[in-house]
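Notes follow the structure.
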Amino acid sequence: MRVIHVNDTTAFPPKPCVATVGFFDGVHLGHQHLIAQVAEIARQRGLETTVVTFDRHPRQVVDTSFMPELLTTCEEKTVLLAKTGIDCCAVLHFTPAMAALTAREFMEHVLRDRLGVKVLVTGYDNRFGCGRAEGFDDYVRHGASMGMEVMLGTPLAIGSLTVSSSVIRRQLHEGDVETAARCLGRDYALTGRVVKGRQQGRQLGFPTANIDVDDAAKVLPAPGVYTTRVRVEGSMEMKRAVMNIGSHPTFDDGTQSVEAHIINFEGDLYGLRVVATLSHRLREEHRFASTGLLVAQMRKDVKAANEWFDSEVDSSSETSDR
Numbered sequence: 027m028r029v030i031h032v033n034d035t036t037a038f039p040p041k042p043c044v045a046t047v048g049f050f051d052g053v054h055l056g057h058q059h060l061i062a063q064v065a066e067i068a069r070q071r072g073l074e075t076t077v078v079t080f081d082r083h084p085r086q087v088v089d090t091s092f093m094p095e096l097l098t099t100c101e102e103k104t105v106l107l108a109k110t111g112i113d114c115c116a117v118l119h120f121t122p123a124m125a126a127l128t129a130r131e132f133m134e135h136v137l138r139d140r141l142g143v144k145v146l147v148t149g150y151d152n153r154f155g156c157g158r159a160e161g162f163d164d165y166v167r168h169g170a171s172m173g174m175e176v177m178l179g180t181p182l183a184i185g186s187l188t189v190s191s192s193v194i195r196r197q198l199h200e201g202d203v204e205t206a207a208r209c210l211g212r213d214y215a216l217t218g219r220v221v222k223g224r225q226q227g228r229q230l231g232f233p234t235a236n237i238d239v240d241d242a243a244k245v246l247p248a249p250g251v252y253t254t255r256v257r258v259e260g261s262m263e264m265k266r267a268v269m270n271i272g273s274h275p276t277f278d279d280g281t282q283s284v285e286a287h288i289i290n291f292e293g294d295l296y297g298l299r300v301v302a303t304l305s306h307r308l309r310e311e312h313r314f315a316s317t318g319l320l321v322a323q324m325r326k327d328v329k330a331a332n333e334w335f336d337s338e339v340d341s342s343s344e345t346s347d348r
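Residue numbers (my numbering): 27 to 348.
This is the structure in structure tokens:
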């Protein structure tokens with residue numbers, strides 16, 4: 027996959043393509059469904075495939091107080107888009123000048139002239155252009171006047187859910203990481219560097235890796251305890267862990283943290299970047315009357331996590347045997 031970074035002055039020979047445009051936060055199954063439609067149309071027309079996205083949430087430019095809740099950083103998004111098999115990812119540097127473009131101006135000057143878009147496939151709920159005032163019928167009309175065909179992509183439903191980034195964010199806010207994973211097509215991940223914390227877990231016999239998440243805008247699932255797999259970035263080895271997201275109510279700490287107790291692990295992870303994937307919520311975060319009761323619960327959490335991991339392995343074995 028070629029990655030093109032486009033700013034207000036970028037000039038390069040465009041390649042005729044079928045494209046779709048959006049923020050694509052999470053690159054979830056709904057996005058992948060739309061990109062598959064782009065790929066099929068491109069195959070029929072003998073054209074390349076291009077995904078047009080942005081280096082930041084467009085609303086951050088028009089509203090500087092807006093803080094997005096991200097499912098993926100720009101780097102993570104680019105990696106996930108590459109896995110879809112598209113030919114090109116055009117990352118637009120979203121500026122006030124670009125935000126001021128009307129839908130027609132954006133289609134003509136950015137999509138057609140700079141990126142060579144011949145066919146534009148829009149998401150079922152996608153709007154672009156200054157003020158997001160226009161919709162699909164307007165895009166079709168603009169496209170017809172400039173030699174660009176505009177087609178409407180179909181959404182993806184999983185059960186009663188129409189898959190979208192906002193739906194996944196809501197699931198994470200509720201701690202439902204399993205439904206979020208079904209919509210993402212993978213477990214939700216937090217990536218960051220292991221830093222020194224207050225070492226309360228070590229004092230209790232449950233040392234934890236305190237993860238400083240790379241981007242403060244990343245969505246943190248609801249406070250609670252989760253079964254998690256942790257791997258050091260660059261390694262393929264996944265280690266079982268129990269992760270706590272919360273504010274240490276037993277210690278009246280109040281500070282939010284992301285800490286993973288890696289089961290049966292001894293070693294120094296300080297300074298290393300790790301990827302933690304959350305697969306199941308064991309319980310909500312609780313305040314305990316004593317550290318003794320907290321330790322007893324942590325033992326139960328580790329036992330419950332191991333049982334959950336073992337049951338998942340058994341389920342995978344049964345599936346592979348069929």
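Note that the Cβ used here is the ideal one computed from N, Cα and C, for glycine as well. Fair warning: this is a prediction, and the values are worked out from it, not measured in the lab.
Mind checking residue i: buried by the 16 CB within 10 Å criterion, or exposed?
i    : result
G231 : exposed
V117 : buried
V136 : buried
V221 : exposed
F50  : buried
K326 : exposed
S31  : The question names Ser, yet the displayed sequence has His at residue 31. Classification for H31: exposed.
N290 : exposed
Y165 : buried
M324 : buried
N236 : buried
M174 : buried
G280 : exposed
V189 : buried
T303 : buried
T110 : buried
T317 : exposed
S171 : exposed
Y214 : buried
The beta strand (DSSP E) with residue i in it runs from where to where?
i    : result
G250 : G250 to V258
Q116 : Correcting the residue type first, residue 116 is Ala in the shown sequence and not Gln. Run containing A116: C114 to L118, per the beta strand (DSSP E) assignment.
S305 : R299 to E310
M177 : E175 to L178
H31  : R28 to V32
L146 : V143 to T148
Return the chain-ordered list of same chain residues with a C-beta closer than 7 Å to the C-beta of residue i, the five sequence neighbours on each side being excluded.
i    : result
H59  : L182
R257 : E263, M264, K265, V300 and V301
S14  : Given a span of 27 to 348 for the chain in the structure shown, any question on residue 14 remains unanswerable.
D278 : none
In terms of DSSP beta bridges, what is residue i paired with?
i    : result
D238 : R219
A267 : T254 and I288
L96  : K244
A183 : T188
T46  : V77
Y214 : L304
G272 : S283
Looking at the secondary structure, which residues open and close the alpha helix (DSSP H) in which residue i lies?
i    : result
V87  : P84 to V88
F162 : F162 to S171
C209 : V203 to L210
L55  : L55 to R71
Q229 : Q226 to Q229
P122 : P122 to A125
Within the same chain, show all residues whose beta-carbon is closer than 6 Å to that of residue i, passing over the 5 residues directly before and after it, in chain order.
i    : result
T276 : R313, F314 and L320
G201 : P247, A248, G250 and R307
N270 : V251 and E285
Q108 : Gln is not the amino acid found at residue 108; the sequence shown has Ala there. Here the set comprises M27.
V176 : L146, Y165, V166 and G169
N33  : H119
V64  : V44, T46, T75 and V147
Counting only the same chain and skipping the five closest in sequence on each side, list residues whose C-beta sits under 8 Å from that of residue i.
i    : result
L127 : H135, V136, G155 and C156
F132 : M124, F154 and G155
L187 : V193, T205 and C209
T148 : T46, V47, F162, Y165, V176, M177, L178 and G179
Looking at residue i and the ligand FMN, is the gap between the Cβ and the nearest heavy atom below 7 Å?
i    : result
S190 : In terms of ligand content, the structure shown is empty, and the ligand FMN therefore cannot be addressed.
| task | Spell out a yes or no on whether the stretch 196-210 and the stretch 157-172 are touching, meaning 3 or more CB-CB pairs, one atom from each, closer than 8 Å. | result | When C-beta atoms of the stretch 196-210 are compared with those of the stretch 157-172, fewer than three pairs fall below 8 Å, so the two segments do not count as touching.
| Any 3 or more C-beta pairs closer than 8 Å across the stretch 264-272 and the stretch 167-184 | Taking 8 Å as the limit for Cβ pairs, the verdict is that the stretch 167-184 does not touch the stretch 264-272.
| Three or more C-beta pairs below 8 Å linking the stretch 130-147 and the stretch 85-102 | Touching, no.
| message | Counting beta carbon pairs with one atom in the stretch 62-69 and one in the stretch 85-95, are three or more of them shorter than 8 Å? | response | In this structure the stretch 85-95 does not touch the stretch 62-69; the number of beta carbon pairs closer than 8 Å is below three.
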